[in-house]
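Peer 1: Handing you a structure now.
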Amino acid sequence: MLDRVYPKITIITICLNREKTIEQTIKSVLSQSYKNIEYIIVDGASTDGTIDIINRYKEKIDIIISEPDDGISDAYNKALKYATGDIIYFLSADDYLYEDDIIFKVAKVFSEKDLDFIHGKVLEINEESGFSFVNGHKMTMDDFKRGECTHHQGFFAKKHLFDKYDNFDNNFKIIPDVDFMIKCFNDRENRYIFFDEIVAVYRWGIGVSSSPKTIAKREKEHKYILYKNFNIIDVENEVQRETVREFYKTWLEKILLQDRGITSILKEYGVRNIAIFGTRHTGKYLLSDCKKEGFNVVAFLDNNENMQGKEIEGIKIYSPKWILENRKKVDTIIVSIENNADIIVINQLKELIGHEKIKILSWKELIGI
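Just so we're aligned, residue 1 is where the sequence shown starts under the UniProt record's numbering, counting upward by one.
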């Protein structure tokens with residue numbers, strides 16, 4: 001491999017008290033087959049064993065900074081002062097690169113195409129529950145306006161974009177990357193593509209980013225980012241989020257106070273065999289609920305091609321078209337989507353299946369029955 005014909009890629013990891021995960025992050029960078037990499041770690045003055053672990057690899061890490069910072073944006077901007085790469089990438093200290101050749105694949109794309117940035121896929125995992133989900137698709141500005149965002153773990157941008165947009169906005173302490181990526185996508189001068197590869201593994205459900213307090217701050221920042229960039233007041237999404245919280249609260253109350261799941265009501269309708277549409281968190285919760293109540297979950301259905309063919313707890317994930325050849329195996333489909341798109345999916349399934357005697361319900365309907 002002739003690295004000199006490919007761009008130099010700066011990988012930046014920021015961390016604070018991540019002794020349980022930082023080593024895997026570092027190893028995933030150092031094991032890359034592509035060697036034209038500059039690696040910078042900014043530690044926010046950790047008080048656990050994080051800096052000791054980092055120092056084990058100090059001969060192979062280009063720059064190590066360990067001092068207090070003023071949030072994620074401040075730590076990012078510190079690293080950018082020292083970055084000399086043509087392309088910049090941020091890998092969190094809870095996460096790791098998906099495979100040893102992934103940076104080579106990214107470098108190859110940039111060497112062959114005149115691009116300002118690319119965005120790819122990320123494998124989300126929850127190691128406690130075993131839940132995993134491949135996240136990533138070609139983003140549009142409408143996606144961002146609806147509150148969606150691509151993961152920064154799948155995002156690579158040329159250094160000149162950070163110079164152009166004056167790095168990260170220090171007003172955003174939790175998700176400055178979202179604001180920056182919106183600027184990149186919203187600038188018509190920028191050339192980019194969707195990189196159809198899994199770039200990194202993103203652990204969720206651990207660390208300070210998953211605490212209720214941080215989640216609330218993140219939602220507040222996200223609303224301000226939408227207002228700042230699009231003049232959008234995110235009232236509709238806030239109402240949806242509050243409604244979903246109430247549904248989850250009722251679900252929890254049924255389990256804790258009544259010792260029954262939300263699917264228990266389906267026994268009154270003679271339901272036995274269930275397919276769950278959607279493979280994200282609510283789908284996994286529904287699977288546990290169905291098992292608790294003794295139902296047979298025969299399949300997961302999902303429009304996401306990245307998930308089709310995979311399994312959740314031994315149950316295979318199929319395209320919704322699977323139901324056309326397996327009508328007799330299912331008497332009920334439960335749609336596990338949180339937002340109002342569940343109505344669209346229900347209508348699509350009804351159109352696909354026709355007048356078959358298969359019940360199609362949203363999980364919210366089970367709570368409201």
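Even for Gly, the Cβ is constructed at its ideal location relative to N, Cα and C.
Considering just the uninterrupted stretch of the beta strand (DSSP E) at H281, what are its terminal residues?
Peer 2: Taken as a continuous stretch (DSSP letters only), H281 belongs to no beta strand (DSSP E), being part of the alpha helix (DSSP H) at 281-292.
Peer 1: May I have the straight-line CA-CA distance separating Y285 from T50, to the nearest angstrom?
Peer 2: Cα to Cα, Y285 sits roughly 34 Å from T50.
Peer 1: Counting only the same chain and skipping the five closest in sequence on each side, list residues whose C-beta sits under 6 Å from that of V271.
Peer 2: So the list reads D331, T332, once near-sequence residues are dropped.
Peer 1: On a Cα-Cα basis, can you pick out the residue from L115, I26, E148 that is closest to F90?
Peer 2: Comparing Cα-Cα distances from F90 to each of L115, I26, E148, the minimum goes to I26.
Peer 1: Nearest-angstrom Cα distance between residue 380 and F194?
Peer 2: Outside the shown range of the chain, which is 1 to 369, sits residue 380, and nothing can be said about it.
Peer 1: For A341 and A275, what's the separation of their Cα atoms in angstroms?
Peer 2: A341 and A275: Cα-Cα distance of roughly 18 Å.
Peer 1: So, at 6 Å on beta carbons, what are the nonlocal neighbours of A79 in its own chain, with the 5 sequence-adjacent residues on each side left out?
Peer 2: Excluding residues within five positions, the ones whose Cβ falls inside 6 Å are I12, I40, V42.
Peer 1: Please confirm whether any heavy atom of the ligand COA lies closer than 7 Å to the CB of K58.
Peer 2: By its list of ligands, the structure shown contains no ligand whatsoever, and the ligand COA lies outside what it can speak to.
Peer 1: What is the rounded straight-line gap between the Cα of D86 and the Cα of E38?
Peer 2: Using only the alpha carbons, I get a separation of about 10 Å.
Peer 1: Pull up the distance between the alpha-carbon of S33 and that of I265, whole angstroms please.
Peer 2: For S33 and I265, the distance between alpha carbons rounds to 54 Å.
Peer 1: Helix, strand or coil for Y6? Go by DSSP, reduced to three states.
Peer 2: Y6 falls in the coil class under three-state DSSP.
Peer 1: What is the DSSP secondary structure of D196, reduced to helix, strand or coil?
Peer 2: D196: strand per DSSP, three-state reduction.
Peer 1: With S66 and A45 assumed to form a contact (beta carbons below 8 Å), what rounded beta-carbon distance in angstroms separates them?
Peer 2: Their Cβ separation, rounded to whole angstroms, is 6 Å, which keeps S66 and A45 in contact under 8 Å.
Peer 1: Out of T10, R191, K329, state which residue places its alpha-carbon closest to the alpha-carbon of L115.
Peer 2: Looking at the Cα atoms, R191 is the closest of the given residues.
Peer 1: Quick check: is the beta carbon of E124 nearer than 8 Å to any beta carbon in chain D?
Peer 2: This model lacks chain D altogether, as it is built from one protein chain only.
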